[in-house]
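Read through the structure below, which is laid out as structure tokens, and then see the notes.
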Amino acid sequence: MNCPNCNTPVSNYNLNIQTDIGKCDACQQVFKLSALFNRPPSQTTFSYELDLSQVPEDMTITKNVDGISLQIKNSIGYGLIASVLPISVFLFFYFFATEVIDLESIDAKILYIIWGFGAILGGFMIWLFLQSIFGELNINLTNRGGNIEKGIKIFGWHSTYSFDWKTVSGIEEEFTYYKSKDQMQPFYKIVIYANQRIEIGESLTDEKRYFVLKYLQYYLGKVKTTGRLQ
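Our numbering numbers the first residue of the sequence shown as 11 and each following residue consecutively.
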């Protein structure tokens, strides 16, 4: 296999099939292995398959006369692992800093900035905790298009997106990398290319995100080739 950036052969030692990641020693490019084999969807080629009997846990498919709906909920166990650890680390360092630093010797304006930053970061941690436990992703599809709701619907913190199948040119998985402890970590999301770019699946597990991707691609293919979902 050659590097997609510099076309240099990549050693098998730098290819990890389980994580779907490869790295080139020549140019240090990090890339997704499956991206080298998957052909992006287009208006003329739709050949997707889906086994609806293999639905991951915490996902529900409902069919009716109007269309088909997919509801995804985060599992409590995954939510606790994903959110409690960073929250605990934040609280430890935040309260540890207040014990070590002499707050009375700090200028009031700087102190306000410190507490303000802590409040913002703390709010983000709380949102992360709620999102990881109560977050939902609802995908409702009809013969004409789709409606997607994501967020914490129980509290009214959610976003809604709509699209028409006629405007959808493709549905793909995209990824970027962020640096964490001197290592490059992948960040994945599903992108629907319609009149507006719709991004979903950022907080899903790999298994759930893969199923959602294939689910959307499958019904995109059915509508483009037959004009109907079912």
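Where is the CB? At the ideal position from N, CA and C, for every residue including glycine.
For residue i, collect the residues of the same chain with a Cβ closer than 6 Å to its Cβ; drop the 5 residues on either side in sequence, then sort them by chain order.
i, result
"residue 16", "36, 37"
"residue 21", "none"
"residue 83", "68, 146"
"residue 13", "20, 34, 39"
"residue 175", "155, 233"
"residue 72", "79"
"residue 179", "203"
"residue 209", "199, 201"
"residue 205", "177"
"residue 130", "none"
Is the Cβ-Cβ distance between residue i and residue j less than 9 Å?
i, j, result
"residue 211", "residue 223", "yes"
"residue 65", "residue 221", "yes"
"residue 181", "residue 203", "yes"
"residue 162", "residue 170", "no"
"residue 226", "residue 149", "yes"
"residue 70", "residue 80", "yes"
For residue i, does the count of other Cβ atoms within 10 angstroms reach 16, so buried, or fall short, so exposed?
i, result
"residue 229", "buried"
"residue 154", "exposed"
"residue 77", "buried"
"residue 238", "exposed"
"residue 156", "buried"
"residue 160", "buried"
"residue 62", "exposed"
"residue 217", "exposed"
"residue 120", "exposed"
"residue 200", "buried"
Can you tell which of the options has its C-alpha closest to the C-alpha of residue i?
i, options, result
"residue 167", "236, 23, 144, 207", "144"
"residue 207", "215, 183, 213, 219", "183"
"residue 177", "213, 240, 234", "234"
"residue 151", "75, 23, 125", "75"
From the beta carbon of residue i, is the nearest beta carbon of chain B less than 9 Å away?
i, result
"residue 236", "Any reference to chain B falls outside this structure, which holds one protein chain only."
Using a Cβ-Cβ cutoff of less than 8 Å, which residues in the same chain neighbour residue i once the five nearest sequence positions on both sides are dropped?
i, result
"residue 172", "155, 156, 157, 158"
"residue 42", "30, 31, 32, 185, 196"
Can you find the residues in the same chain that come closer than 7 Å, C-beta to C-beta, to residue i, ignoring five residues on each side of it along the sequence?
i, result
"residue 127", "none"
Length at least 4, wholly inside the region 157 to 187: the alpha helix (DSSP H) runs in chain order: none
Please give the ranges of any beta strand (DSSP E) in the region 55 to 84, keeping only runs that are unbroken, at least 3 residues long and fully inside the region. 69 to 73, 78 to 83
Going along the chain, which unbroken runs of the alpha helix (DSSP H) with 4 or more residues stay wholly within the region 194 to 236? 216 to 236
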